[in-house]
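Contents: one structure, followed by commentary.
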Amino acid sequence: MILILTILLIILIILGLPLFIGILAAAMLGLYATQIQFTSIPIEIFRLANAPVLLAIPLFTFAGYLLAHGGTSARLVRFSRSLFGWMPGGLGVVALVSCAFFTALTGATGITIIALGGLLLPALISEKYGENFSLGLLTTSGSLGLHFPPSLPIILYGFVSGVSIEGLFMAGLLPGVLMVGIPCLFSVYMGRKWGLARPSFSGREFFSALREAAWELPIPLFIIAGIYSGFSTATEAAALTVAYVLFIKIAVFRELKLGGDLPVIIKESMKMVGGIMIILGAALAFTNYLVDAFIPTRILELMEGMIETRIGFLIILNLFLILVGCMMDIFSAILVVVPLIVPLAAKFGIDPLHLGVIFLANLGIGYNTPPVGLNLFIASSRFDKPVVQLYRATLPFLLLLVLTLLLITYWPGLSLFLPGLLTP
Amino acid sequence: MNALRLIDKVLARFEGWLIIALLSLMAGLTFVQVCLRGLFIKAHVQWANDLMGYLDWSEPFVRLLVLWLTLLGASLVTTENKHIKIDLFSSILPRKWLPVRELIIAVVCVLICTIMSYVCTGYVKMEMEFGGVMFLNLPNWICQLILPVGFALLTFRFLLRATEQSIKVFGDKRK
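If you want it as structure tokens, here you go:
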């Protein structure tokens, strides 16, 4: 009976049952099978109200949606164009850097492709970049800023795994730079190969663009500085960011109408938050059941028999996470998979900070992996191209990212160097 | 059917305003807290510390708001059918099967949310008898009220969706 229901549930989830319903149903099935009362489910969901860290999620999401409204994206692109435009393949670099920046601020929710794609694709095409190259570049760049503060996936990962969010932000910096840097090199290479026109660097344009973007560019720096100087926690930094962004949007740029735009932005951002956090609540209940039923311990025992070495574990982890990443979005993947993986990784002596970085890199790549990577579909609807063309267009970038992933996974020093500096 | 849609609209408007009010409160209170703490710790302003003493309820309160916003937001997402899901088959399944799939899924959602509303109601009742208090002497159960209410809202939304889809699936026969 339980078995049949479980199989039925899995089929329904693959068919498109909302994930939080699926997870709740799984928790119910498990509790029912072990004859425990369902009351533990609301108790676990109520834990959402007892975690100070979680406060950062609605606040940063709100700030991100505020930034996505109005001219921020255009100012960012103009600035990075004045900075990198002169390089061979410069516009590609511009696209990658500004997308990474924007993704960090808005939390890898597909907003990047929607907000920046429409701006950058015509620019790339008009400067004679190949169509497939441009499409692939913009599609993959939607998941590149994941490792930079105040990325929401990092905050969520920290909450679920119990690792310090501040430490994760530090650990993610160098790998994040690498994940943006390698596609940038590719763009420079292609730019040189195609012999594209290179505008010369203009000091005047640079300073004028800098002045225009001066209010928004330093936001990630403020957040990092605030957190590492001990002035504010991640949550407090979120509240300060909201206040600051509201201030510049209303008082400096005057592009946000208090009566017209603000209620809509609040509602849209909270729908996003509701969609993610209800899964978090369900996942808390489900994880609680899993732990009570000793499931992680059992998986651990099973895996120990099969995998002998650290490297073996890391290879399997990479394959598994890419598979997960192309089926689920990053938030639900963190919520469902992290509690299972963390004890395993500890057993194989993998640093929790390093694990977090690997996790995010993998899931970011999963966003672009056929057949169901989310970025592919968002880009397909944004650019009005068939998904199959995007499969082909993203392939070279996907290969580069997988290469970077291998580097990140098998070179722990890359992730652990900066956090090591902080803790003597 | 039309009555259901009307209720849905009115509810959504109310939820929208509640979300706007709660998020503003959350952002405002957290911001004030950070400023006061900063003033006291960095500049040793005494009145900032006194004021923080009066506002000691605000921290558990904003944490509670996270839960309230989550359920209200989730309820609004349901009106647009934009919940996070794994969607492997939308492009593969024949078009005429899609409403059938949607109907099955909506019915399962109604079932699970109904159970959740029931379980959460029991939970709140238990807390009422138990009578614990949170900040400002507010009883626990009032803070937890959003759980049964939220799941009841979700149940209603999915019910509406199931009705719509069943009209799509079975409606043809009546013609």
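Chain order of the listed sequences is A and B. Residues in the first sequence are numbered from 382 upward in steps of one, following the working numbering. Residues in the second sequence are numbered from 27 upward in steps of one, following the working numbering. Every residue, glycine too, gets a C-beta built ideally from N, C-alpha and C.
What residue range does the alpha helix (DSSP H) around Asp-205 (chain B) cover? An answer regarding residue 205 (chain B) cannot be provided, because it is not within the stretch 27 to 201 covered by chain B.
Excluding the 5 residues flanking Asp-34 (chain B) on each side, which residues of the same chain have their C-beta closer than 8 angstroms to its C-beta? Position 8 of the second sequence, counting from 1, holds the residue named residue 34 (chain B). Result list for Asp-34 (chain B): Thr-105, Phe-182, Arg-183, Leu-186, in chain order.
At least one CB of chain A closer than 9 angstroms to the CB of Phe-115 (chain B): is that the case? For this step, residue 115 (chain B) is matched to residue 89 along the second sequence. Closer than 9 angstroms: yes.
Can you list, in chain order, the residues of its chain with a C-beta nearer than 6 angstroms to that of Thr-668 (chain A)? Leave out the 5 residues immediately preceding and following it. The count along the first sequence starts at 1 and reaches residue 668 (chain A) at position 287. Here the set comprises Pro-720.
Hey, quick one: how far does the alpha helix (DSSP H) through Asn-669 (chain A) stretch, first residue to last? Here residue 669 (chain A) is taken as the residue at index 288 of the first sequence, counted from 1. Residues 642 to 673.
Straight-line CA distance for Gly-511 (chain A) to Arg-39 (chain B)? The residue labelled residue 511 (chain A) in the question sits at position 130 within the first sequence. The residue labelled residue 39 (chain B) in the question sits at position 13 within the second sequence. Computed Cα separation, rounded: 47 angstroms.
Short of 8 angstroms Cβ to Cβ, which residues in the stretch 412 to 446 of chain A face chain B? Phe-419, Thr-420, Ile-422, Pro-423, Ile-424, Ile-426, Phe-427, Leu-429, Ala-430, Asn-431, Ala-432, Pro-433, Leu-435, Leu-436, Ile-438, Pro-439, Leu-440, Phe-443
Cα-Cα separation between Leu-643 (chain A) and Leu-637 (chain A), rounded to whole angstroms: Within the first sequence, residue 643 (chain A) is the residue found at index 262, counting from 1. Within the first sequence, residue 637 (chain A) is the residue found at index 256, counting from 1. Distance between the alpha carbons of Leu-643 (chain A) and Leu-637 (chain A): 7 angstroms.
Quick one: which unbroken alpha helix (DSSP H) runs of 4-plus residues sit fully inside the stretch 690 to 733 of chain A? Chain order, please. 691 to 708, 711 to 728
In chain B, what lies closer than 7 angstroms to Ile-394 (chain A) by C-beta? Mapped onto the first sequence, residue 394 (chain A) falls at position 13. Ordered by position in chain B, the residues that pass the 7 angstroms Cβ test against Ile-394 (chain A) are Ile-112.
Inter-residue spacing [alpha-carbon to alpha-carbon] between Ile-536 (chain A) and Ile-438 (chain A): Mapped onto the first sequence, residue 536 (chain A) falls at position 155. Mapped onto the first sequence, residue 438 (chain A) falls at position 57. Going from the Cα of Ile-536 (chain A) to the Cα of Ile-438 (chain A) covers about 8 angstroms.
Unbroken alpha helix (DSSP H) run spanning Leu-782 (chain A), endpoints: In the first sequence, the residue the question calls residue 782 (chain A) occupies position 401. Leu-782 (chain A) -> alpha helix (DSSP H) spans 768 to 791.
Going straight from the alpha carbon of Val-672 (chain A) to that of Gly-539 (chain A), what length do you get? Locating residue 672 (chain A) in the first sequence gives position 291, where the first residue counts as 1. Locating residue 539 (chain A) in the first sequence gives position 158, where the first residue counts as 1. For Val-672 (chain A) and Gly-539 (chain A), the distance between alpha carbons rounds to 19 angstroms.
Hey, Cys-139 (chain B) and Leu-180 (chain B) are a contact pair by Cβ (cut 8 angstroms); roughly how many whole angstroms apart? Walking along the second sequence from the start, residue 139 (chain B) turns up at place 113. Walking along the second sequence from the start, residue 180 (chain B) turns up at place 154. Their Cβ separation, rounded to whole angstroms, is 5 angstroms, which keeps Cys-139 (chain B) and Leu-180 (chain B) in contact under 8 angstroms.
Here's a check: name, in chain order, each residue in its chain whose Cβ is nearer than 6 angstroms to the Cβ of Met-560 (chain A), leaving out the five neighbours to either side. What you label residue 560 (chain A) is simply residue 179 of the first sequence in a count that begins at 1. So the list reads Leu-525, Thr-785, once near-sequence residues are dropped.
Identify whether Pro-399 (chain A) lies in helix, strand or coil by the three-state DSSP scheme. The residue you call residue 399 (chain A) lines up with position 18 of the first sequence. Strand at Pro-399 (chain A).
Kindly indicate if chain A contains any beta-carbon less than 9 angstroms away from that of Lys-122 (chain B). Residue 122 (chain B) sits at position 96 when you count from the first residue of the second sequence. Not closer than 9 angstroms to any Cβ of chain A, the Cβ of Lys-122 (chain B) fails to qualify, so no.
Rounding to the nearest angstrom, what Cα-Cα distance links Glu-508 (chain A) and Val-723 (chain A) in this structure? As a position in the first sequence, residue 508 (chain A) is number 127, starting the count at 1. As a position in the first sequence, residue 723 (chain A) is number 342, starting the count at 1. Their backbone Cα atoms lie some 46 angstroms apart in a straight line.
Beta bridge counterpart(s) of Lys-111 (chain B) as assigned by DSSP: Sequence index remark: in the second sequence, residue 111 (chain B) carries index 85 (1-based). A:Pro-399, per the DSSP bridge assignment.
Mind listing which residues of the stretch 639 to 664 of chain A have their C-beta closer than 9 angstroms to chain B's C-betas, in chain order? Leu-643, Pro-644, Ile-647, Lys-648, Ser-650, Met-651, Lys-652, Met-653, Val-654, Gly-655, Gly-656, Ile-657, Met-658, Ile-659, Ile-660, Leu-661, Gly-662
Determine whether the Cβ of Phe-40 (chain B) lies closer than 9 angstroms to any Cβ atom of chain A. The residue given as residue 40 (chain B) occupies position 14 in the second sequence. Chain A, which has no Cβ nearer than 9 angstroms to the Cβ of Phe-40 (chain B), makes this no.
Can you tell me where the alpha helix (DSSP H) holding Gln-418 (chain A) begins and where it ends? Start at 1 with the first residue of the first sequence, and residue 418 (chain A) comes out as number 37. Gln-418 (chain A) -> no alpha helix (DSSP H), and no H or E assigned at all.
For Ala-578 (chain A), decide whether its Cβ has a neighbour in chain B, counting only Cβ atoms nearer than 9 angstroms. Counting from 1 along the first sequence, the entry for residue 578 (chain A) is found at position 197. Taking Cβ atoms only, chain B never reaches closer than 9 angstroms to Ala-578 (chain A), which makes this a no.
Flag this pair as yes or no: are the beta carbons of Ile-608 (chain A) and Ile-404 (chain A) separated by less than 9 angstroms? On the first sequence, position 227 is the one that residue 608 (chain A) refers to. On the first sequence, position 23 is the one that residue 404 (chain A) refers to. No; because the gap between Cβ atoms is not below 9 angstroms, this pair is not in contact.
In terms of residue numbering, what span does the alpha helix (DSSP H) encompassing Ala-578 (chain A) cover? For this step, residue 578 (chain A) is matched to residue 197 along the first sequence. Careful: Ala-578 (chain A) lies outside any alpha helix (DSSP H) and carries neither H nor E.
Under 6 angstroms Cβ to Cβ from Gly-176 (chain B), same chain only, skipping five residues before and after it: list those, please. Along the second sequence, read from residue 1 onward, the residue named residue 176 (chain B) stands at position 150. Within the same chain, Gly-176 (chain B) has close Cβ partners Leu-97.
Per-residue DSSP class, three states only, for Pro-677 (chain A): Here residue 677 (chain A) corresponds to residue number 296 of the first sequence, with the count starting at 1. The answer is helix: DSSP assigns Pro-677 (chain A) an H, G or I state.
Could you spell out where the alpha helix (DSSP H) holding Ala-476 (chain A) opens and where it closes? Here residue 476 (chain A) refers to the residue found at position 95 when the first sequence is read from its first residue. Element bounds for Ala-476 (chain A): 471 to 487.
For Asp-710 (chain A), count neighbouring Cβ atoms within 10 angstroms of its own Cβ and tell me buried if that reaches 16, exposed if not. In the first sequence, residue 710 (chain A) corresponds to position 329, counting from 1. Looking at its Cβ environment, which holds 16 or more other Cβ atoms inside 10 Å, Asp-710 (chain A) is buried.
Nearest-angstrom Cα separation, counted from Leu-486 (chain A) out to Ala-742 (chain A): Reading the first sequence from its first residue, position 361 is the one you call residue 742 (chain A). Reading the first sequence from its first residue, position 105 is the one you call residue 486 (chain A). If you take the alpha carbons of Ala-742 (chain A) and Leu-486 (chain A), they lie about 17 angstroms apart.
Between A:Leu-795, A:Met-651, A:Leu-755, which lies nearest to Leu-48 (chain B) when the distance is taken from Cα to Cα? Here the question's residue 48 (chain B) lines up with position 22 in the second sequence. Nearest of A:Leu-795, A:Met-651, A:Leu-755 to Leu-48 (chain B), Cα basis: A:Met-651.
In this structure, how does DSSP classify Pro-165 (chain B) when only helix, strand and coil are distinguished? Within the second sequence, numbered from 1, the residue matching residue 165 (chain B) stands at position 139. Strand at Pro-165 (chain B).
Do the stretch 45 to 61 of chain B and the stretch 84 to 93 of chain B meet, that is, are 3 or more Cβ pairs less than 8 angstroms apart? yes
Proximity test, Cβ basis, 9 angstroms: Gly-197 (chain B) and chain A: Taking the second sequence and counting its residues from 1, the one referred to as residue 197 (chain B) is at position 171. No, its Cβ sits nowhere closer than 9 angstroms to a Cβ of chain A.
Indicate whether at least one CB of chain A lies closer than 9 angstroms to the CB of Ala-100 (chain B). Position 74 of the second sequence, counted from the first residue, corresponds to residue 100 (chain B). It does: the Cβ of Ala-100 (chain B) has a partner Cβ on chain A nearer than 9 angstroms.
First and last residue of the alpha helix (DSSP H) that includes Ser-461 (chain A)? Mapped onto the first sequence, residue 461 (chain A) falls at position 80. Element bounds for Ser-461 (chain A): 453 to 465.
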